[in-house]
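Read the structure below first, then the notes.
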Amino acid sequence: EADIYQTPRYLVIGTGKKITLECSQTMGHDKMYWYQQDPGMELHLIHYSYGVNSTEKGDLSSESTVSRIRTEHFPLTLESARPSHTSQYLCASTWAGDTIYFGEGSWLTVV
Amino acid sequence: QKEVEQNSGPLSVPEGAIASLNCTYSDRGSQSFFWYRQYSGKSPELIMFIYSNGDKEDGRFTAQLNKASQYVSLLIRDSQPSDSATYLCAVKKNSGGGADGLTFGKGTHLIIQP
């Protein structure tokens, strides 16, 4: 079982607000990822990191930003939330191998 | 053409029967293939992975890979109502630059009828 935690699990926020979705893993994984998934749709990779101070954009363009100051922590920030940002955000991590483990997800609703 | 394609379903299978889920991928350089199960409102959980052509069995689950046909499948034997979920096929490309996260299909919604 993977030890990867996301907070908040559910968030309703007004347009224009700044939000940070937290993701932490206790497995010492070097690689971490953020995926975005709309209901009934496929997951899209929006950010990834290979280690401390390493961040890259994924396949799907996103207005969010990420940081990786510590190995175990990979927060995602939206400076000014919009209704189009309403989605589920899934954090994931892996060691050098292929198996990617997911956190429980953060459901964001922007009103 | 999408990179990973799955029939979105729903696929309805009687309890106790074999459920067969199919996936095709476009990148011939793909090396690793994964099946995840996702219950509604939950995050994906890994069921199986396969790297080599042929079959790989784990309990009631069998993954099948045919790289020549760019095709991967998942068989679920003795289907149970608890198997009702969306099954996501995921593919990892070769490493060597760029994101090495998984590319997911849209998923097949499986319903096991009691």
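Going down the list, the protein sequences come from chains A and B. Throughout, the numbering used here is defined as the position within the first sequence, counted from one, plus 77. Throughout, the numbering used here is defined as the position within the second sequence, counted from one, plus 1. Note that the Cβ used here is the ideal one computed from N, Cα and C, for glycine as well. All values derive from a computational prediction rather than experimental measurement.
- Residues of chain A whose Cβ lies closer than 8 Å to the Cβ of Ser44/B are, in chain order, Leu167, Phe179, Gly180, Glu181 and Gly182.
- In terms of Cα proximity to Ala20/B, the closest of Ala91/B, Gly10/B and Asp28/B is Gly10/B.
- The alpha-carbon separation between Pro115/B and Arg38/B amounts to approximately 19 Å.
- Looking at the DSSP output, Asn67/B bridges to Tyr72/B.
- Neighbours of Met118/A in chain B, taken as residues at a C-beta separation under 9 Å, are given in chain order as Lys107 and Gly108.
- Residue environment for Ile146/A: exposed (fewer than 16 other C-beta atoms within 10 angstroms of its C-beta).
- Chain B places a beta carbon closer than 7 Å to that of Leu122/A, counting this residue as a contact.
- For the set Pro116/A, Gly180/A, Thr132/A and Gln83/A, the Cα lying nearest the Cα of Ser164/A is the one of Pro116/A.
- By DSSP's assignment, Thr186/A forms a beta bridge with Val89/A.
- DSSP lists no bridge partner for Ser138/A.
- Close to chain A, meaning a Cβ-Cβ distance shorter than 9 Å, are the following residues of the segment 44–60 of chain B: Ser44, Pro45, Glu46, Leu47, Phe50 and Tyr52.
- Where Thr84/A is concerned, the enclosing beta strand (DSSP E) starts and stops at Ile81 to Thr84.
- For Gly60/B, the number of other beta carbons within 10 angstroms of its own is below 16, and it is reported as exposed.
- Within the DSSP secondary-structure output, Ser33/B pairs in a beta bridge with Lys93/B.
- Within its own chain, the residues whose Cβ lies closer than 6 Å to the Cβ of Glu99/A, once the five positions on either side in sequence are excluded, are Thr84 and Pro152, listed in chain order.
- DSSP, reduced to helix, strand and coil, places Ser83/B within a helical segment of the structure shown.
- Residues of the same chain with a CB within less than 6 Å of the CB of Thr104/B, apart from the 5 flanking positions on each side, are Glu4, Val5 and Val92 in chain order.
- From the beta-carbon of Thr176/A, the residues of chain B found nearer than 7 Å are Leu47 and Phe50.
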